[in-house]
Amino acid sequence: MMAKTFIFDVDDTLYDQLEPFNRAFEKHFVRFKDEVNIEELYKLSRKYSDEAFASTGYEIKKLRKMHIYRISKAFEELGIRITDEEALQFQLDYETFQNEIRLIDEFPQIFELLLQRSAKLGIITNGANDNQMRKIKQLGLGKWITPENMLVSETAGVSKPSKEIFEAMEIRMDFSKNDVYYIGDNFDNDVIGATAAGWKTIWVNFRNHTTSDSGILATYVVEQLRDLLKLLDQLTQEDF
Numbered sequence: 003m004m005a006k007t008f009i010f011d012v013d014d015t016l017y018d019q020l021e022p023f024n025r026a027f028e029k030h031f032v033r034f035k036d037e038v039n040i041e042e043l044y045k046l047s048r049k050y051s052d053e054a055f056a057s058t059g060y061e062i063k064k065l066r067k068m069h070i071y072r073i074s075k076a077f078e079e080l081g082i083r084i085t086d087e088e089a090l091q092f093q094l095d096y097e098t099f100q101n102e103i104r105l106i107d108e109f110p111q112i113f114e115l116l117l118q119r120s121a122k123l124g125i126i127t128n129g130a131n132d133n134q135m136r137k138i139k140q141l142g143l144g145k146w147i148t149p150e151n152m153l154v155s156e157t158a159g160v161s162k163p164s165k166e167i168f169e170a171m172e173i174r175m176d177f178s179k180n181d182v183y184y185i186g187d188n189f190d191n192d193v194i195g196a197t198a199a200g201w202k203t204i205w206v207n208f209r210n211h212t213t214s215d216s217g218i219l220a221t222y223v224v225e226q227l228r229d230l231l232k233l234l235d236q237l238t239q240e241d242f
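Residue numbering for the sequence shown follows the numbering used here, beginning at 3 and increasing consecutively.
Below you can see the structure in the form of structure tokens.
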């Protein structure tokens with residue numbers, strides 16, 4: 003039987019993206035702490051980021067406008083107005099704190115298990131190449147995943163949820179659609195995108211997100227990391 007392939011998202015899948023977001027919030031917007039649920043603000047910011055990302059591109063001035071837009075709109079939805087300068091300073095510190103991110107504790111064990119069972123591992127992540135590769139280096143992912151199996155949307159010239167970025171990875175890693183699983187937290191980008199490419203999907207819904215009205219279902223849904231480890235153990239058992 004052919005060994006399976008597991009491709010991972012990065013942001014808020016392999017590390018807790020709320021942690022640097024919360025640190026930047028505490029530095030710049032602590033005055034709103036009693037009015038704002040930080041996780042709700044974070045989810046709203048992600049929503050507006052996803053909406054704007056495809057049309058933004060990677061030129062720094064356009065990216066900065068998007069960064070200002072997403073946090074400003076998130077606050078606005080909660081009835082709070084912030085200035086563009088406050089939004090920009092928040093973003094700059096958010097990026098600084100992302101330089102201190104850590105791999106979620108369970109993932110080394112997950113990666114080791116998969117490699118022991120001859121699985122192939124890869125990454126597909128949306129974002130600017132320098133920024134995403136800096137995160138990948140900070141997380142130490144090169145210990146388990148080779149650089150040629152890491153695909154960033156800027157390099158690919160197309161971003162999730164477009165099926166073309168998943169198809170580019172098929173060519174790069176040379177695997178069968180029947181044996182590949184994409185693992186990510188974002189239903190629209192990760193589940194819908196990978197499903198469109200004919201891949202199986204594992205939706206890691208650690209933050210209790212709701213699904214879109216697409217009619218598409220993830221192949222598997224896990225809400226706890228221990229359940230992800232258990233599932234991957236089961237999926238690779240049959241290869242032996």
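Built from N, CA and C at the ideal position, the CB exists for glycine as well.
A quick note: this is a predicted structure, and the numbers were derived from the prediction, not measured.
Helix or strand or just coil, what does DSSP make of residue i?
| i | result |
| --- | --- |
| Y71 | helix |
| Y96 | helix |
| D215 | coil |
| K29 | helix |
| K35 | coil |
| K162 | coil |
| V193 | helix |
| R66 | helix |
| L141 | coil |
From the DSSP output, read off the bridge partner residues of residue i.
| i | result |
| --- | --- |
| D186 | For the sequence presented, residue 186 should be read as Gly rather than Asp. For G186, which the question treats as bridged, DSSP gives the partners W205. |
| Y44 | Paired residue(s): none; Y44 is not in a bridge. |
| K122 | T7 |
| L153 | I126 |
| Y60 | The partner list for Y60 (beta bridge, DSSP) is empty, contrary to what the question assumes. |
| V223 | W205 |
Which same chain residues end up closer than 7 Å to residue i when comparing Cβ atoms and leaving out the 5 residues on each side of it in sequence?
| i | result |
| --- | --- |
| F189 | W205, H211, T213 and S214 |
| T15 | I185, G186, D187 and V206 |
| A158 | I167 and A170 |
| Y71 | Y50 and A54 |
| I84 | S74 and F77 |
| S164 | G195 |
Tell me, to the nearest whole angstrom, how far the beta carbon of residue i is from that of residue j; I am working on the premise that it is less than 8 Å.
| i | j | result |
| --- | --- | --- |
| I103 | Q134 | Not confirmed; about 12 Å, so no contact. |
Under 6 Å Cβ to Cβ from residue i, same chain only, skipping five residues before and after it: list those, please.
| i | result |
| --- | --- |
| Y60 | A130 and E156 |
(request) Take every Cβ of the stretch 11 to 29, pair it with every Cβ of the stretch 38 to 47, and state whether three or more of those distances are shorter than 8 Å. (result) yes
(request) Could you tell me whether the stretch 225 to 241 touches the stretch 85 to 97, where touching means 3 or more Cβ pairs closer than 8 Å? (result) no
(request) Specify whether the stretch 174 to 184 and the stretch 4 to 14 touch according to this definition: at least 3 beta carbon pairs, one from each stretch, less than 8 Å apart. (result) yes
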